[in-house]
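Single-structure report; data block below.
Residue numbers (full-length UniProt numbering): 1 to 733.
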């Protein structure tokens, strides 16, 4: 692979104008396709095979008027008891009439008819039924719904439209640009050249542009959840910058060793590019592996992010060499530009001398320190990660509800007003679907189901049934005493299902946004250990292929588990338990979004293998060429620490930029990824890894002969390329 990439890099530089033109054409075509073919994103999370989803499908088939999105308008009178007055009832009736005539609305329910009035006569809830699902409600319909009640508000009443219909797409704004700006600063400091930094950033942005445009172009034919494009953007930006950074860094090193630009680019793509391809492949495999969980929205999220990572790899190994060809020696600091390409390291050129290798840098010094105190370093690191991981067993998963939305947002205002007047259970009502073979069977089953549910602990109320036109399907509203994400509500869902399971003559199914969230979370929790085992097993196999070793892959896999446990722990402590929540702008602590852990495992796996390969491949390279295990470890850290540090800081900056978004899902994803990268890069890969490698010594590189013969040689360090280059000596310019 290294030899193939070497030729690809040289070819891209020689035909740089053609390569750049082709990528620009791809970008323009993808942009036009996105503009013309883009479809809406979905804010719902369906889960085929679960009871809640079967109930929704049954409603759509037999009771379509009740299967659309619902809204709840919370109303608060200026004073207690005012709803009981003729004036108060007139205000509510006017509001109901206004809501029922909104575009896209089937009808609105008068709260006095269904008893949706608080005991103190100050609060009321107006149920609004839309004709279509939440994802099919247009922006105009949603805006009209949000503006309902202006006449009542003019009289001093508080009107807060809420409900699932307000679910929308998270907005990407200027706050994410802060992370990109920090990444650009890191690149400038790392390279000491505006040209090198700008070229690396431009390369990454073009890759992200192509990937995102292609994703939006496909959104017309596949259903994207609202978080899928955000995840793709987040990951595409981060890996795009990092992969270009790796290749540019190796190219600069080759130039400083006296190689002409074309040869320097070829070797950079052949060596660092091999690591990029491997790292990208691990990320893509891990993300595509989400399909094994068999959850459609998670599969789409994983494939969308995998697509942007694939584009980032292709751009790094083709467009980046072309751009480096245009830059020439300007990718180097100004003081070194005139000294390269004409002499070997240490050989005088006029009054300048090309730098010989400096082993006094921070990476070399840090490696020597870690090796000297390797046992205390390992123990302190393990203790620290263990303390961070302590909250992990308390992790709870749920889909977010309006109570965790941004303070001041319409959904949050409606949720808080509903809780204030009626209690938290009214914000997460359950829906029970009773479907018989005929109207008589359904009519006979409904009283039984109602009685069973009323006897269930933690049930506050059961609303009268709504019947389909043919009478075969009934819909019962169930109000819990606790909120949607409360553990008691989760228990209630199971208790209700157990209670109504024996009803004869009709099928009884429990659904609603709360039940769907519980079903999704439980299925993801069940899949998490399987996926983690798959990822860890994959990491051991891949690293065994790369490093021809048994202990190095096992060490890398254990390090990855430490990263995951510590990342989960600190994320739970902040986002679920609320410690230091103000630092990340979190309004309301809540259970983690149900798909965060499994996504985090997939993404961090790829990034962890990225840093592992970049650092340990140099260690193996030097060990194979005669260095002792200790010197090889120091050399690998010394050569890789600066680039890995820059890459990690860039990843953290890009991911951290998403913490400033108001959406709690995106905020938690950005935070967890940023913290995970920091822990893995600085604690695991740059501290524990060199300490353990020096402790293992020569044994780190042991592999049984039979296994060595059985494993294919992927040549990630470019050994085949070195043999290829030994037969020819590049001509200096």
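The C-beta atom is built at its ideal place from N, Cα and C for all residues, glycine as well.
Quick one, which of 574, 247, 443, 518 has its alpha-carbon nearest residue 196's?
247
Taking Cβ to Cβ, would you say residue 149 is nearer than 8 Å to residue 121?
no
Buried or exposed for residue 142, please, with buried defined as at least 16 other CB atoms from any protein chain shown within 10 angstroms of its CB.
buried
Taking Cβ positions, are residue 83 and residue 90 nearer each other than 8 Å?
no
Are the region 407 to 422 and the region 490 to 505 in contact at 8 Å, needing three or more beta carbon pairs?
no
Need the endpoints of the alpha helix (DSSP H) that residue 491 sits in, please.
487 to 500
Look up residue 71 in the DSSP assignment and give the residues it is bridged to.
Paired residue(s): 128.
Do residue 485 and residue 589 have their C-beta atoms closer together than 8 Å?
no
Residues in its own chain within less than 6 Å of residue 163 by CB, not counting five upstream and five downstream?
70, 71, 72
Going by the beta-carbon positions, is the gap between residue 107 and residue 129 smaller than 8 Å?
yes
Boundaries of the alpha helix (DSSP H) in which residue 8 is found, first to last residue
Unbroken alpha helix (DSSP H) run through residue 8: 2 to 14.
Per the DSSP calculation, residue 466 is bridged to which residue(s)?
475
Please report the distance separating the alpha-carbon of residue 697 from that of residue 630.
7 Å
Using CA coordinates, which residue listed in 161, 443, 480, 6 is at the minimum distance from residue 465?
443
Per-residue burial, residue 380 [other beta carbons within 10 Å of its own, 16 or more giving buried]:
exposed
So, using beta-carbon positions, are residue 429 and residue 496 closer together than 8 Å?
No, these two residues do not count as a Cβ contact at 8 Å.
Tell me which same chain residues have a C-beta within less than 7 Å of the C-beta of residue 577, skipping the five on either side of it?
391, 589
Please report how far the alpha carbon of residue 147 lies from the alpha carbon of residue 427, in whole angstroms.
20 Å
Quick check: the Cα distance between residue 294 and residue 9, rounded to an integer number of angstroms?
39 Å
Which term fits residue 738, buried or exposed, when burial requires 16 or more other beta carbons within 10 angstroms of its beta carbon?
Given that the chain is displayed from residue 1 to residue 733, the structure contains no residue 738 and the question cannot be resolved.
Beta-carbon within less than 7 Å of residue 436's beta-carbon, same chain only, minus the 5 sequence neighbours each way: which residues are those?
442, 445, 472, 505, 506
Is it right to say residue 127 is buried, meaning 16 or more other beta carbons lie within 10 angstroms of its own, or is it exposed?
buried
Helix, strand or coil, according to DSSP, for residue 363 in the structure here?
helix
Taking C-beta to C-beta, are residue 556 and residue 612 nearer than 8 Å?
Yes. Within cutoff.
With distances taken from CA atoms, which of 231, 707, 643 is nearest residue 186?
643
Please classify residue 667 as buried or exposed, where buried requires at least 16 neighbouring CB atoms within 10 angstroms.
Here residue 667 is buried. Its C-beta has 16 or more other C-beta atoms within 10 Å.
Within this structure, are the beta carbons of residue 50 and residue 519 separated by less than 8 Å?
yes
Less than 7 Å between C-beta atoms, sequence neighbours within five positions excluded: which residues of the same chain meet that for residue 63?
468, 473, 475
Residue 447 classed as buried or exposed, judged by whether at least 16 other C-beta atoms fall within 10 angstroms:
It counts as exposed.
Could you spell out the range, first to last residue, of the beta strand (DSSP E) harbouring residue 737?
Not covered by the structure: residue 737. The range shown for the chain is 1 to 733.
List the whole-angstrom C-beta distance separating residue 312 from residue 207, where the pair is believed to meet the contact cut-off of C-beta under 8 Å.
5 Å
Delimiting residues of the alpha helix (DSSP H) encompassing residue 256
228 to 256
Determine the DSSP secondary structure at residue 484, reduced to helix, strand or coil.
Of the three classes helix, strand and coil, the one that applies to residue 484 here is coil, per DSSP.
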